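Asks:
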Amino acid sequence: MTQPTPEVLVEATRYSVSLLPRDDVNFNTFVLYVQLRRDGWGITDGLGWVEGYTGFMTLDSYEALVFAELDDALALARKMAPNIGAPGRTATDAYKRRMAEEARS
């Protein structure tokens, strides 16, 4: 007797949070990811983890702020998204520049 094919499972485990669309050249610089970890949901920039509500980052995953609920992690990531960035430039700055360039086109 043949065994039935098992159901294929699909689960979203990582969400991108950014002011910029994915096709923007600066997207990777100005994005946060809400990612499922073993202990809950965490917020990362791809290198470090958010360690508290102030937005400070840590490379130590054990010090990371962990959320039991996805909605709570997404809410904090949305709040932080406009201010993340590279030295001297925030996501808001990059967004304004993009809008100005699109207006000139």
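Under my numbering, the residues of the sequence shown are numbered 6 to 110, in order.
Ideal Cβ placement from N, Cα and C applies to all residues, glycine included.
A quick note: this is a predicted structure, and the numbers were derived from the prediction, not measured.
What would DSSP say about residue 35, mapped onto helix, strand or coil?
Replies: Position 30 of the sequence shown, counted from the first residue, corresponds to residue 35. Note: residue 35 maps to coil in three-state DSSP.
Asks: Does DSSP put residue 20 in a helix, in a strand, or in coil?
Replies: Mapped onto the sequence shown, residue 20 falls at position 15. DSSP places residue 20 in strand when its eight states are reduced to three.
Asks: So what's residue 96 in DSSP terms, helix, strand or just coil?
Replies: The sequence position of residue 96 within the sequence shown is 91, counting from 1. Three-state result, residue 96: helix.
Asks: Taking 7 Å as the CB-CB limit, is residue 19 close to chain D?
Replies: Of the chains in the structure shown, none is chain D; there is only one protein chain.
Asks: For residue 82, which residues from the same chain have a beta carbon less than 6 Å from its beta carbon, with the 5 sequence-adjacent residues on both sides left out?
Replies: As a first step, residue 82 is located in the sequence shown; it is residue number 77 there, counting from the start. 22, 37, 39 and 48.
Asks: Provide the residue(s) that pair with residue 47 in DSSP beta bridges, ordered along the chain.
Replies: The residue given as residue 47 occupies position 42 in the sequence shown. Answer is 40, bridged to residue 47.
Asks: Run through DSSP, which three-state label would residue 104 get?
Replies: Within the sequence shown, the letter at position 99 stands for residue 104. Three-state DSSP puts residue 104 in a helix.
Asks: Determine the DSSP secondary structure at residue 6, reduced to helix, strand or coil.
Replies: Position 1 of the sequence shown, counting from 1, holds the residue named residue 6. Coil.
Asks: Taking the alpha carbon of residue 69 as the reference point, which residue from 55, 34 and 31 has its own alpha carbon closest?
Replies: By 1-based counting over the sequence shown, the position of residue 69 is 64. Here the closest residue by C-alpha is 55.
Asks: How many Å lie between residue 10 and residue 16 at the Cα?
Replies: Within the sequence shown, residue 10 is the residue found at index 5, counting from 1. Within the sequence shown, residue 16 is the residue found at index 11, counting from 1. Near 19 Å, if we compare the C-alpha coordinates of residue 16 and residue 10.
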